[in-house]
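Below is one structure; the comments refer to it alone.
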Amino acid sequence: MPKKKVYSNFAKAVADVPDGVTIMIDGFGGAGGMPEYLLLALRDQGAKDLTIIGNTVGLGGTFGAKPAVTYLDPSILVENGQVKKAIASYPFSPSPSRPTAFEKQCLAGEAELELVPQGTLAERIRAGGAGIEGFYTPTGVGTVIEKGKEKRVIGGKECLLELPLRADYALIRAHKADRMGNLVFKGTSRSFNAIMATAARVTIVEVDDIVEPGELDPEAIVTPGIYVDRIVKRPKAGK
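The numbers in the sequence shown follow my numbering, run straight up by one, and end at 291.
This is the structure:
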């Protein structure tokens with residue numbers, strides 16, 4: 053029988069996440085791509101010593117949101133003492149007067165940071181999902197990014213060897229899913245979520261709606277169900 057991918061609640065979907073694993077979380081462009089309810093469930097579940105791979109490590113749930121709109125982001129895991137390391141492009145606050153929780157911990161030596169340029173981050177994740185074991189890019193040459201990395205001259209340009217990123221789990225957000233796990237994205241939720249789904253051993257998806265197989269327009273499907281392991285429907289607004 054086909055594997056049942058739809059879970060009845062968020063707590064069950066993250067119940068087996070152990071300490072010390074690596075988790076991919078989107079975090080681009082504000083609330084649109086953020087798996088808020090999965091983050092809440094993981095906070096309550098309590099897994100510790102996590103490595104987070106994402107565009108940010110949480111900006112406090114306001115950056116990129118509409119005025120007066122807040123949302124949950126990986127900051128809640130950081131504040132709960134669950135994150136030991138982040139691999140991210142935008143780990144600190146855009147405002148020095150409002151440092152993020154991760155920024156404070158990192159500067160205090162309580163958490164580790166691997167800074168990755170945004171395009172390089174996207175390509176490292178894509179490479180992880182595609183089975184590519186490395187690529188060269190000129191991005192980062194002459195900066196702190198090049199420290200400890202192999203360098204070659206290609207096409208007359210100095211380039212750095214970048215290695216793929218893979219994770220034990222990916223917590224992602226999509227607009228719709230069918231029961232087989234095929235995903236349709238909306239707005240900014242398509243940014244990192246789509247490639248993260250391919251690069252994790254277990255991909256858990258938070259969606260606005262779940263439909264039956266055949267109800268999604270095949271031309272609108274971005275992530276095939278083969279990459280998706282668990283699906284949970286978000287509660288309706290106001291519930």
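Each residue gets a CB set at the ideal place from its N, CA and C atoms; glycine is no exception.
- When the alpha-carbon of residue 250 is set against those of 266, 228, 229, 220, the nearest one is in 220.
- Three or more beta-carbon pairs separated by less than 8 Å are not found between the region 230-246 and the region 182-198, which leaves the two stretches without contact.
- Residue pairing by DSSP places residue 187 opposite 214 in a beta bridge.
- For residue 206, the number of other beta carbons within 10 angstroms of its own is below 16, and it is reported as exposed.
- Assignment of residue 152 by DSSP, reduced to helix, strand and coil, places it in the coil class.
- By the 16-neighbour rule on beta-carbons within 10 angstroms, residue 145 is buried.
- Residue 264 sits in coil when the DSSP states are folded into three classes, being neither helix nor strand.
- 173 is the residue among 228, 274, 173 whose C-alpha sits nearest the C-alpha of residue 79.
- Distances from the CA of residue 257 to each of 246, 204, 98, 201 were compared; the closest alpha carbon is that of 246.
- Nearest to residue 140 by C-alpha distance, out of 84, 64, 170, 59, is 170.
- Pairwise C-beta distances place the region 266-281 in contact with the region 228-238, as three or more of them are shorter than 8 Å.
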